[in-house]
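Number of protein chains: 4
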Amino acid sequence: MSSSDIFIGETIGTAVLILLGGGVCAAVTLKRSKAQDAGWLAITFGWGFAVLTGAYIAARSGAHLNPAVTLGLAIDGRVDWSDVPLYIGSQMLGAIIGATLVWVTYYGQFRAHLTDPEIVGTPNPSEGMVDQTATPQAGPVLGIFSTGPEVRNVVQNLATEIIATAVLVLAILTQGQTKGLGVSGTGVLMTAFVVVGIGLSLGGPTGYAINPARDLGPRIVHALLPLPNKGGSDWGYAWIPVAGPLVGAALAAGLHKLAF
Amino acid sequence: MSSSDIFIGETIGTAVLILLGGGVCAAVTLKRSKAQDAGWLAITFGWGFAVLTGAYIAARSGAHLNPAVTLGLAIDGRVDWSDVPLYIGSQMLGAIIGATLVWVTYYGQFRAHLTDPEIVGTPNPSEGMVDQTATPQAGPVLGIFSTGPEVRNVVQNLATEIIATAVLVLAILTQGQTKGLGVSGTGVLMTAFVVVGIGLSLGGPTGYAINPARDLGPRIVHALLPLPNKGGSDWGYAWIPVAGPLVGAALAAGLHKLAF
Amino acid sequence: MSSSDIFIGETIGTAVLILLGGGVCAAVTLKRSKAQDAGWLAITFGWGFAVLTGAYIAARSGAHLNPAVTLGLAIDGRVDWSDVPLYIGSQMLGAIIGATLVWVTYYGQFRAHLTDPEIVGTPNPSEGMVDQTATPQAGPVLGIFSTGPEVRNVVQNLATEIIATAVLVLAILTQGQTKGLGVSGTGVLMTAFVVVGIGLSLGGPTGYAINPARDLGPRIVHALLPLPNKGGSDWGYAWIPVAGPLVGAALAAGLHKLAF
Amino acid sequence: MSSSDIFIGETIGTAVLILLGGGVCAAVTLKRSKAQDAGWLAITFGWGFAVLTGAYIAARSGAHLNPAVTLGLAIDGRVDWSDVPLYIGSQMLGAIIGATLVWVTYYGQFRAHLTDPEIVGTPNPSEGMVDQTATPQAGPVLGIFSTGPEVRNVVQNLATEIIATAVLVLAILTQGQTKGLGVSGTGVLMTAFVVVGIGLSLGGPTGYAINPARDLGPRIVHALLPLPNKGGSDWGYAWIPVAGPLVGAALAAGLHKLAF
Chain U
0 MSSSDIFIGE
10 TIGTAVLILL
20 GGGVCAAVTL
30 KRSKAQDAGW
40 LAITFGWGFA
50 VLTGAYIAAR
60 SGAHLNPAVT
70 LGLAIDGRVD
80 WSDVPLYIGS
90 QMLGAIIGAT
100 LVWVTYYGQF
110 RAHLTDPEIV
120 GTPNPSEGMV
130 DQTATPQAGP
140 VLGIFSTGPE
150 VRNVVQNLAT
160 EIIATAVLVL
170 AILTQGQTKG
180 LGVSGTGVLM
190 TAFVVVGIGL
200 SLGGPTGYAI
210 NPARDLGPRI
220 VHALLPLPNK
230 GGSDWGYAWI
240 PVAGPLVGAA
250 LAAGLHKLAF
Chain H
0 MSSSDIFIGE
10 TIGTAVLILL
20 GGGVCAAVTL
30 KRSKAQDAGW
40 LAITFGWGFA
50 VLTGAYIAAR
60 SGAHLNPAVT
70 LGLAIDGRVD
80 WSDVPLYIGS
90 QMLGAIIGAT
100 LVWVTYYGQF
110 RAHLTDPEIV
120 GTPNPSEGMV
130 DQTATPQAGP
140 VLGIFSTGPE
150 VRNVVQNLAT
160 EIIATAVLVL
170 AILTQGQTKG
180 LGVSGTGVLM
190 TAFVVVGIGL
200 SLGGPTGYAI
210 NPARDLGPRI
220 VHALLPLPNK
230 GGSDWGYAWI
240 PVAGPLVGAA
250 LAAGLHKLAF
Chain P
0 MSSSDIFIGE
10 TIGTAVLILL
20 GGGVCAAVTL
30 KRSKAQDAGW
40 LAITFGWGFA
50 VLTGAYIAAR
60 SGAHLNPAVT
70 LGLAIDGRVD
80 WSDVPLYIGS
90 QMLGAIIGAT
100 LVWVTYYGQF
110 RAHLTDPEIV
120 GTPNPSEGMV
130 DQTATPQAGP
140 VLGIFSTGPE
150 VRNVVQNLAT
160 EIIATAVLVL
170 AILTQGQTKG
180 LGVSGTGVLM
190 TAFVVVGIGL
200 SLGGPTGYAI
210 NPARDLGPRI
220 VHALLPLPNK
230 GGSDWGYAWI
240 PVAGPLVGAA
250 LAAGLHKLAF
Chain R
0 MSSSDIFIGE
10 TIGTAVLILL
20 GGGVCAAVTL
30 KRSKAQDAGW
40 LAITFGWGFA
50 VLTGAYIAAR
60 SGAHLNPAVT
70 LGLAIDGRVD
80 WSDVPLYIGS
90 QMLGAIIGAT
100 LVWVTYYGQF
110 RAHLTDPEIV
120 GTPNPSEGMV
130 DQTATPQAGP
140 VLGIFSTGPE
150 VRNVVQNLAT
160 EIIATAVLVL
170 AILTQGQTKG
180 LGVSGTGVLM
190 TAFVVVGIGL
200 SLGGPTGYAI
210 NPARDLGPRI
220 VHALLPLPNK
230 GGSDWGYAWI
240 PVAGPLVGAA
250 LAAGLHKLAF
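Protein chains in written order, with numbering that gives the first Met the number 0: chain U, 0 to 259; chain H, 0 to 259; chain P, 0 to 259; chain R, 0 to 259.
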């Protein structure tokens, strides 16, 4: 696989993944979106089909779209270690592009949402701020960009991300194809439904980052975008959806080497 | 591919697409439908399986069912430019037939809905009209036929349609088959889920036309049908779901040529 | 295909189809079911996967499971006319078995539901009967067995069943396989999603029988079962979900012969 | 198939099945989960994709993941009887590991839920215990681990589990592959959707164990875990989701031998 294949496939594929994945969070969250309050099933299927669409488009690079997947495949010997930096860099770039496109697509909805006094509170603190977030560090639209815990507990939050990512990477490693993710139609479909399943089953506590680029890239975009009343980017949590998935991928690759 | 293949496949296939796609909007919107208020997930899966069914039936013509897809394939060199007018004409004809069949299928529901004073208001304006639409130009059932924006903003609305269609066309162009859409079972299934994904993720602001025929054909039918109290057809918006998808398809085809 | 293949495949396959299809209606309708009020999306996916499961099991007979499908395939020349009576007889037998198994599976739920005064009214008519059905002819659980219209209008109801069945049969006939329904994994999956799509999009007015055996067999079981307070079986409507699908299948087969 | 293949595939595969299956029940049930109240459709798709993911990973052992499936395949002659104990033992071990991982993943949510006075009642019985369960024997989170009936009736509960498992095993036996479950992509996908269908259609009365290991393993974990206010493990019901599925599998295998 050439460097250009990796760069183009991973950048465009991850951009599409984050555009659609962040998009469904915007669609379900924001005021004046036709999909507002469509619920958790919409979010999980939305992210699953985001994986499907991104992986479909990124066939030429093996469609990792996720540093944890790249790490797992490298440990398993299916990706050269020398290609890993290019994979991860392209994924980060793609994630930043994708999150920016979410903002473009939902521009008017972001504006309507973030200027609604019921959501962001009034500028006069004596009337009390409306708090709609689980944690004071997180702004009212951060969940469209990055994940966050419902119960803030470093050990549990890390454990949840490790376990969920280990399931993902184990499913990908046992796909039984020799190189890459096996981006045949059926392979992509299976992986997409695995991701829907992980979301439905293991997404409740932290919002299932299971992908460092998916969380860190959009968090950077949240920090940089000129959104009114956007609140904090919760940088104190940011290391968990990076470290957890990488540890989970390493564990899955180790288990796969040992057992399979 | 013969002209008769194109005409028959695209006309019947697009008619089925719009019958099922418009049908799910009618099912979820209208009074005295068993599916009333079934929600956004029902609408997006309904449109996805409308694509699946229409594409399945239209295999012989390559199952474009969408002028934007035809344009993208023509730019990419997979469809002869001389066939493009026949493709688009057949798609428009099919869309008009499909939207008319939605009206036949939901005849009693349209009547019940449009004669309900709570929905269409009373004829005496001194009691106040009930306004249930985002924009005064759009009638209470226009959403069953055509798309419309939640926040009316030409730049954002165009951008949303451009981005969403670019994702669709990029997914189709990277499907890696030499001619047409690759209407194998798996190919159709993948494209259907891509469309569900686009709806879930990018449909919130404008209702994701992503297909000029899907929007313009039914809008013409809405304008012509003898529905009581149907309200306006919002012709002021009509150019956006035509222009946006065509620009998006061209951008995707350009990106595909450049990068892939 | 031997007579024994047809009899076994169609009887068992249709029994499974109706057990699962009637089952999801019971699950969503009845008191003390974990799935009560799970909504229209649950019903349509439930019926789709009922088709998937029944068709999967009935591969040996071509998995028609539906007299309208058998008629369409016979007109198209893919099934011998001399086999048609055995197909339809087996489908009717299977439907009766399946509907009976729904009653066994949901025995306690039927009892709880039909002895609840809020649902079936009090025996003292002076306090007024609770009317929860669209039509006085239909009992409170008839919808678990058979279909019924939301707006009772012979012409529209027939038209809806004709159109919906024509879409189904056209999709099956264009599947491009030479004999039977093509009960490969992918073929079955596609047909199942076509049925989900028809349900979401065209099921609103009449509940999409699109299969004479699916409607008539369970209606007979409803008439015979010793259920308390079950109400009428609405025989006045019973001919529409038989005639409509057969006409729709014939139209689809004719269109297919003409156009494809 | 070697003993090591069976042990590794079934243990890891069943652990993933129960982690994801129990996980979706935790996600939908527990306080401070992002998926709380996501509904029955989320539960049934969650379990279906749990099967998909577990079966995918357990390809090397034939992906039974269920003593009832192993029994059905053994009766049908596709699995050696001498391998049956290892299959079932590995499945039980995997189920216990999986249920424990659910607890780890949702640690903070379990704690929040089980210390909420509105859910578990106050320690002062004079104020009255809040009863949120169908049966006094079952604690407030038992449903995350094991199944239980909405209407407690031994005959009906057994019948429901027998019928639902017979459908599952019949679908697997007719899959037409010579050894194991045919863990090709499409085969796994089909089986997953069959399980979603069984859940939607036949899950209402008892919660569809259809797998002795899926019910008994997590029930043991529920009994052993140091959860506050967890209530009883309902051992009086525990034999039904073991016996019912085994009888259903035997009936399906018998019917398959007789008829197919």
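The beta carbon of each residue, even a glycine, is placed where N, CA and C say it ideally should be.
Same chain, Cβ closer than 6 angstroms to residue 176/U, five either side skipped, listed in chain order: Since pLDDT at residue 176/U reaches only 41, below the 50 mark, its modelled position is unreliable, and the value read off the structure follows with that caveat. Closer than 6 angstroms at Cβ, skipping near neighbours: no residue.
Just to confirm the assignment, what range does the alpha helix (DSSP H) spanning residue 108/H have? Residue 108/H: member of the alpha helix (DSSP H) spanning 106-113, first to last residue.
Compute the distance between the beta-carbons of residue 225/P and residue 160/P, then report whether it is under 7 angstroms. No, the Cβ-Cβ distance between residue 225/P and residue 160/P is not below 7 angstroms.
So with CB distances below 7 angstroms, who are the chain H contacts of residue 155/P? Within chain H, 106 and 107 have C-beta atoms less than 7 angstroms from the C-beta of residue 155/P, given in sequence order.
Quick one, which residues of the segment 2-19 of chain H are near chain P if we go by CB-CB under 8 angstroms, in chain order? Taken in chain order, the members of the segment 2-19 of chain H whose beta-carbon sits within less than 8 angstroms of a beta-carbon on chain P are 7, 11, 15, 18 and 19.
Taking C-beta pairs closer than 7 angstroms, name the residues in chain H that residue 22/U reaches, listed in chain order. Within 7 angstroms Cβ-Cβ: 200 and 201.
Give the straight-line distance between the Cα atoms of residue 63/U and residue 143/R, rounded to the nearest whole angstrom. Near 33 angstroms, if we compare the C-alpha coordinates of residue 143/R and residue 63/U.
Who are residue 137/R's beta bridge partners in DSSP? DSSP lists 232/R as partners of residue 137/R.
Hey, does residue 32/H have any beta-carbon neighbour from chain P nearer than 7 angstroms? Interface residue, yes.
Could you name the residues of the segment 64-86 of chain R whose beta carbon sits closer than 7 angstroms to any beta carbon of chain P, in the order they occur along the chain? Within the segment 64-86 of chain R, no residue has its Cβ closer than 7 angstroms to any Cβ of chain P.
CB contact below 7 angstroms: residue 129/H versus chain P: Any reading at residue 129/H must be qualified, since the residue scores a pLDDT of 45, below 50, and its modelled position is unreliable; the value itself is stated next. Closer than 7 angstroms: no.
Quick one: is residue 162/U near chain H, going by C-beta distance under 7 angstroms? The Cβ of residue 162/U sits no closer than 7 angstroms to any Cβ of chain H.
Given the structure, does residue 54/H come close to the ligand MN, in the sense that its CB is under 6 angstroms from one of the ligand's heavy atoms? Judged by which ligands are present, the structure shown has none, so any question about the ligand MN falls away.
Would residue 37/R pass as a contact of residue 238/U if the rule is Cβ separation under 7 angstroms? No. Outside cutoff.
Closest to residue 155/P by C-alpha separation, out of 107/H, 149/H and 111/H, would be which residue? When each option's Cα is compared against that of residue 155/P, the closest is 107/H.
List, in chain order, every chain H residue whose beta-carbon is nearer than 7 angstroms to that of residue 219/U. Per Cβ cutoff of 7 angstroms: no residues; residue 219/U is ~20 angstroms from chain H at best.
From residue 51/U to residue 23/H, what distance separates their C-alpha atoms? Near 24 angstroms, if we compare the C-alpha coordinates of residue 23/H and residue 51/U.
So which residues on chain P does residue 188/H lean against when the C-beta distance must stay under 9 angstroms? Neighbours of residue 188/H on chain P, chain order: 185, 188, 189 and 192.
If I follow the unbroken alpha helix (DSSP H) through residue 224/H, where does it start and stop? No alpha helix (DSSP H) contains residue 224/H, which DSSP labels as neither H nor E.
I need the straight-line Cα distance from residue 213/U to residue 65/U, nearest angstrom please. Rounded to the nearest angstrom, the two C-alpha atoms are 7 angstroms apart.
Rank 33/R, 43/R, 234/R and 158/R by C-alpha distance to the C-alpha of residue 34/P and give the top, closest one. When the alpha-carbon of residue 34/P is set against those of 33/R, 43/R, 234/R and 158/R, the nearest one is in 43/R.
Given that a residue counts as buried once 16 or more other Cβ atoms are within 10 Å of its Cβ, and exposed if not, what is residue 178/U? A caution first: residue 178/U carries a pLDDT of 36, below 50, which makes its placement in the model unreliable, though a value can still be read off. Exposed, since its Cβ has fewer than 16 Cβ neighbours within 10 Å.
Does residue 45/U have its Cβ less than 7 angstroms from a Cβ in chain H? Chain H has a Cβ within less than 7 angstroms of the Cβ of residue 45/U.
Tell me the residue span of the alpha helix (DSSP H) that contains residue 55/U. Per DSSP, the continuous alpha helix (DSSP H) segment holding residue 55/U begins and ends at 39-56.
Please tell me whether residue 210/R has its Cβ less than 7 angstroms away from any Cβ of chain P. Chain P places no beta carbon closer than 7 angstroms to that of residue 210/R, leaving this residue out of the contacts.
Check whether the Cβ atoms of residue 173/H and residue 247/H sit closer than 7 angstroms, and answer yes or no. Going by C-beta atoms, residue 173/H is not nearer than 7 angstroms to residue 247/H.
By Cβ distance, which residues of its chain are closer than 6 angstroms to residue 48/R, with the 5 residues on each side in sequence left out? Excluding residues within five positions, none has a Cβ falling inside 6 angstroms.
Under 8 angstroms from the C-beta of residue 149/R: neighbouring residues of chain P: When 8 angstroms is used as the limit between beta carbons, residue 149/R is near these residues of chain P: 31, 32, 33, 107 and 108, in chain order.
Comparing the C-beta of residue 196/H with each C-beta of chain U, is any distance below 7 angstroms? Taking 7 angstroms as the threshold, the shortest C-beta distance from residue 196/H to chain U falls below it.
For residue 251/U and residue 168/U, believed in contact at Cβ under 8 angstroms, the rounded distance: At roughly 4 angstroms, the Cβ-Cβ gap stays under 8 angstroms, so residue 168/U and residue 251/U are in contact.
Please list, in chain order, the chain R residues whose beta carbon lies closer than 7 angstroms to that of residue 56/P. 169, 170 and 173, listed in chain order.
Nearest candidate by alpha-carbon position, reference residue 162/U, set 145/R, 105/R and 110/R: Here the closest residue by C-alpha is 105/R.
So, residue 113/R versus residue 227/R, is the Cβ gap smaller than 7 angstroms? Result yes, Cβ atoms of residue 113/R and residue 227/R sit closer than 7 angstroms.
So, does the CB of residue 0/P fall closer than 7 angstroms to a CB anywhere in chain R? Chain R has no Cβ within less than 7 angstroms of the Cβ of residue 0/P.
State the Cα-Cα distance for the pair residue 147/H and residue 32/U, rounded to the nearest angstrom. If you take the alpha carbons of residue 147/H and residue 32/U, they lie about 12 angstroms apart.
For chain P, is any of its Cβ atoms less than 7 angstroms away from the one on residue 48/H? In terms of beta-carbon proximity, residue 48/H lines the interface with chain P, with at least one pair separated by less than 7 angstroms.
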